[in-house]
Amino acid sequence: MTATTTDSTDNQHGAADGHAPRHPALAALTVGAIGVVFGDIGTSPLYAFREALSQSAADGIDPSEILGVLSLALWTLFLVVTVKYVIFLMRADNQGEGGVLALAALACRSLGIRSRLALILGAAGASLFYGDAIITPALSVLSAMEGLRTIPAAASIFDEGLIRLCTIVILIGLFLIQSRGTAQVSKLFGPICILWFFVIGGLGIWHIADEPSIARVIWPGYGISFLATHGVTGLFVLGAVFLTVTGAEALTADMGHFGRLPIRIGWFSLVLPALMLNYLGQGAFALSALERAAASGQTFTNQDWFFLMAPESFRPALIVLAGMATVIAAQAVITGAFSLTQQAIQLGFLPRLRVRQTSADFQGQIYLPAINWLLLFGVLVLVIQFKTSSAMAAAYGIAVTGTMVVTTCLAYLVVRHRWGWGRPLALAAILPFLALDLIFFGANILRVIEGGWVPLLVGAAVGLIIYTWVRGRGIVSAFEKRQAIPLADLAAALAKRPPERVPGTAVFLTANPASAPGALLHNLKHNKVLHAQNLIMTIRTADRPVVQPEYRAHVERLDDNFTTVVLTYGFMETPDVPRDLPRDLGVEQRQMGLDPMKTSFFIGRNTLKPEAEKGMPLWQDRLFMFLQRNASDPTDFLRIPPGKVLELGEQVTV
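Every position in the sequence shown, counted from 1, becomes a number in our numbering once 94 is added.
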């Protein structure tokens, strides 16, 4: 009953371009962007420098290694976030929306019938995102709670077990409140994150003053020299350095909520300076600690530099602030998972799931119970299994770098086919970014055994589900096409030999309005009646985020018996058929009034039967049937009152 269309023009649907904020004011949007978009990348100083430095600590740490790691961290921020995402990729938006699926939809529109590659890339990127979505909350909150061990008075009380327990309690509380929505508490996200960035930047400045020469690491030669002299160790360090840019995908994924300009203002005016200052401060602090250890003849060890930078009296407050910042980062990823799942459902990648709107004012405030509890399960397993943030950090980079590789490949398709750049120019623009992504991806692949298998396993599982669902739906669709009768032929036959008519309106939902819906044929076959008014309705998903209400419905009168209605929704919208059903169908000076109380909805519901010798393998048949059984009822998804629905169908072998 749903289909995807890619043939509508941009201005036909009146979608906003999202290039500049529309309402509210620019300042408010910038504050909101700082609170939502930068939560993940803003909390990376908690663990990124520490983890990168630990990769070179096997045979001791010398000043050149501190400088090299720090230089690599800063240049990763410059190249990956600033140049690739903020300057370049934020221009590749789909009617103001970003993210891997929005980019895939844009590429599909550009490629037309050759869109299979874009769909595969989009599915791969979406699959890897779920691995990121379970790691981010676990790693962020756990790293904040580990700061308790840097307080001498609390170190003996908060051992690893108690820290894990505190982390688990916070995470369970976070996932429990998702069903109530976050509209009210999200108003605090911006101010809290602004305070966070000022604090971490201030801590950095304080320690830079102790070692002002640390600023020389801005010269990339320190990082290049480190990689040239450390061989395989350098690659492990590079994989850990990538932790500095986790969350960069959010810059494009949240463009539709805030606009391009507020995100760029937030990045250049506050977030980037604060991150740079904090990393420089951690490096200066580590150099000072190294000099003190050498002077006293003690062994220098890698430590939790972020929390140790703060005075002991200020540290408890910093831990509380870090806890709030990491919860905000986790919330942003959870919300992103809900939004991505909704897009995947609309694009046909996943079965329908129950979607609840949690705010009457903001369309993007949604809650998906199934995704919420699956994420919580995955997060808790990670916390219990890996025990520490250092052990979990190895699992983080692969999901992020994999998604970035997919995003860059999709960007090439957009640049080449949507923007119309020639192949040499498109390759010149994209290949440097792709090479950078592949270098980081290769560096993180080296850590598969340490924990990198987790996001790969999650991504593979989600990818298998997407593949099975798409293939299974294709088999069912092919069966329905074989059984289909052209609607025009049926209408002509019924005009010659009209069946008994009954009062009221019947709405038959179908994916192909040119063919007679199976439910209509079954109704004629078994009940031998035809309603006074019959609407053949198709729900389509456009390759744009939002379709304006005035362009929602397309009505076409076939004859006195049948009228086709096509309702088109953006891939970030939730269908509402009763609300959007046209009340007056005016065709050729005639007005057909629809009474909702006298309208019945007919839906085709086929029974699936597994068979090993046809279609998919037997195990895949059973997986598809499981997904079909556990998909939300189409009446819920389309918001049709259950008491108005009749389901008719037949048995289909998959």
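Using N, Cα and C, we set each Cβ at its ideal position, and we do this for glycine too. Given the structure is predicted, the values throughout are model-derived calculations rather than measurements.
As assigned by DSSP and simplified to three states, the class of R638: Translated into the one-based positions of the sequence shown, residue 638 becomes position 544. The answer is coil: DSSP assigns R638 none of H, G, I, E or B.
In three-state DSSP terms, what is A578? One-based indexing of the sequence shown puts residue 578 at position 484. Reduced to three states, the DSSP call for A578 is coil.
Cβ distance (whole Å) where F696 is taken to contact L614 below 8 Å: One-based indexing of the sequence shown puts residue 696 at position 602. One-based indexing of the sequence shown puts residue 614 at position 520. About 7 Å; that satisfies the 8 Å criterion.
Quick one: Cα of V659 to Cα of L205, how far? Walking along the sequence shown from the start, residue 659 turns up at place 565. Walking along the sequence shown from the start, residue 205 turns up at place 111. Cα to Cα, V659 sits roughly 27 Å from L205.
Which whole-angstrom value is the C-beta distance of S609 and A587, which I expect to be below 8 Å? Locating residue 609 in the sequence shown gives position 515, counting from the first residue. Locating residue 587 in the sequence shown gives position 493, counting from the first residue. That belief does not hold up - the Cβ atoms of S609 and A587 are roughly 14 Å apart, past 8 Å.
State the start and end residues of the unbroken beta strand (DSSP E) segment that holds H511. On the sequence shown, residue 511 is found 417 positions in, with the first residue counted as 1. From DSSP, H511 is part of no beta strand (DSSP E); its letter is neither H nor E.
Scan the segment 133–220 and note each continuous alpha helix (DSSP H) run of 4 residues or more that stays entirely inside, going in chain order. 133–136, 142–148, 157–170 and 194–205
Would DSSP call M370 helix, strand or coil? Within the sequence shown, numbered from 1, the residue matching residue 370 stands at position 276. If DSSP states are grouped into helix, strand and coil, M370 belongs with the helices.
In the segment 473–529, which residue ranges form an unbroken alpha helix (DSSP H) of at least 4 residues, counting only runs that do not cross its ends? 483–507
Given F573, which residues of its chain have a CB within under 7 Å of its CB, disregarding the five upstream and five downstream residues? Looking up residue 573 in the sequence shown gives position 479. Same-chain partners within the cutoff: V746.
Can you tell me whether R651 is helix, strand or coil according to DSSP? Locating residue 651 in the sequence shown gives position 557, counting from the first residue. R651 falls in the strand class under three-state DSSP.
What is the DSSP secondary structure of P643, reduced to helix, strand or coil? By one-based count along the sequence shown, residue 643 stands at place 549. The answer is helix: DSSP assigns P643 an H, G or I state.
Measuring CB to CB, does N700 end up less than 8 Å from V509? Taking the sequence shown and counting its residues from 1, the one referred to as residue 700 is at position 606. Taking the sequence shown and counting its residues from 1, the one referred to as residue 509 is at position 415. Their beta carbons are not under 8 Å apart, which means N700 does not touch V509 by this criterion.
Cβ of V263 less than 8 Å from any chain B Cβ? Looking for chain B here will not work: only one protein chain is present.
Apart from the five residues on each side of it in sequence, which residues of its chain come closer than 6 Å, Cβ to Cβ, to R684? Residue mapping note: residue 684 aligns to position 590 of the sequence shown, counting from 1. Caution is warranted here: a pLDDT of 40 is assigned to R684, below 50, making its placement in the model unreliable, and the coordinate value is therefore given only provisionally. Contacts found: none.
Selected residue, minimal CA-CA separation from Y490, among A201, A520, L584 and V552: Here the question's residue 490 lines up with position 396 in the sequence shown. Nearest of A201, A520, L584 and V552 to Y490, Cα basis: V552.
Paired residues, beta bridge with E406 - DSSP: Taking the first residue of the sequence shown as 1, we reach residue 406 at position 312. BP columns for E406 are empty, so no partner.
Under 8 Å between C-beta atoms of T230 and D134: Position 136 of the sequence shown, counted from the start, is the residue given in the question as residue 230. Position 40 of the sequence shown, counted from the start, is the residue given in the question as residue 134. Contact: yes.
Integer-rounded CB distance, given that P139 should sit under 8 Å from N372: Numbered from its first residue, the sequence shown carries residue 372 at position 278. Numbered from its first residue, the sequence shown carries residue 139 at position 45. That belief holds up - the Cβ atoms of N372 and P139 are roughly 5 Å apart, short of 8 Å.
Report all residues from its chain with a CB closer than 6 Å to the CB of M631; omit the five preceding and five following residues, and keep chain order. Taking the first residue of the sequence shown as position 1, residue 631 is located at position 537. Closer than 6 Å at Cβ, skipping near neighbours: V601, L603 and V659.
How is A608 classed by DSSP in three states: helix, strand or coil? Taking the sequence shown and counting its residues from 1, the one referred to as residue 608 is at position 514. The answer is coil: DSSP assigns A608 none of H, G, I, E or B.
Any idea if S280 is buried or exposed, counting beta-carbon neighbours within 10 angstroms, 16 or more meaning buried? Residue 280 sits at position 186 when you count from the first residue of the sequence shown. Looking at its Cβ environment, which holds 16 or more other Cβ atoms inside 10 Å, S280 is buried.
Option in L661, F665 and E667 with minimal Cα separation from L675: Working through the sequence shown from its first residue, we reach residue 675 at position 581. Checking every option, the nearest Cα to that of L675 belongs to L661.
With 16 as the cutoff for other CB atoms within 10 Å, does L732 come out buried or exposed? In the sequence shown, the residue the question calls residue 732 occupies position 638. Buried, because 16 or more other Cβ atoms sit within 10 Å of the Cβ of L732.
Please classify I266 as buried or exposed, where buried requires at least 16 neighbouring CB atoms within 10 angstroms. Within the sequence shown, numbered from 1, the residue matching residue 266 stands at position 172. So I266 counts as exposed.
I'd like the list of long-range same chain contacts for I450, defined as Cβ closer than 8 Å, with 5 residues on each side in sequence excluded. Sequence index remark: in the sequence shown, residue 450 carries index 356 (1-based). The identity of residue 450 in the sequence shown is Arg, whereas the question assumes Ile. Hits under 8 Å: S273, I460, Y461, L462 and P463.
Let me check one thing: in DSSP terms, what residues is I630 bridge-paired to? Numbered from 1 along the sequence shown, position 536 holds the residue referred to as residue 630. Per DSSP, F602 and T658.
Same chain, Cβ closer than 7 Å to I312, five either side skipped, listed in chain order: The residue you call residue 312 lines up with position 218 of the sequence shown. L168, listed in sequence order.
Quickly, what does DSSP pair Q451 with across the bridge? List them, please. Translated into the one-based positions of the sequence shown, residue 451 becomes position 357. DSSP lists I460 as partners of Q451.
Between which residues of its own chain and E650 is the CB-CB distance below 6 Å, once the five residues before and five after are set aside? Looking up residue 650 in the sequence shown gives position 556. Excluding sequence neighbours, E650 sits near T658.
Would you check if there are 3 or more beta carbon pairs closer than 8 Å linking the segment 185–202 to the segment 525–537? no
Would you mind sorting A529 into buried or exposed? The rule is 16 or more other CB atoms within 10 Å of its CB. Counting from 1 along the sequence shown, the entry for residue 529 is found at position 435. Counting Cβ neighbours within 10 Å, A529 comes out exposed, since fewer than 16 surround it.
Take T599 and list the residues in its own chain whose beta-carbon comes closer than 8 Å to its own, dropping the five residues that flank it on each side. In the sequence shown, counting from the first residue as 1, residue 599 sits at position 505. Counting only Cβ-Cβ distances below 8 Å, and skipping sequence neighbours, we find H625, A626, Q627, N628, L629, L688, D689, K692, T693 and S694.
Can you tell me whether DSSP reads L702 as helix, strand or coil? Locating residue 702 in the sequence shown gives position 608, where the first residue counts as 1. Strand, per DSSP.
According to DSSP, R595 sits in a beta bridge with which residue or residues? The residue labelled residue 595 in the question sits at position 501 within the sequence shown. In the DSSP output, where bridge partners are listed per residue, R595 has L624.
The alpha helix (DSSP H) spanning V131 covers which residue range? Position 37 of the sequence shown, counted from the start, is the residue given in the question as residue 131. Careful: V131 lies outside any alpha helix (DSSP H) and carries neither H nor E.
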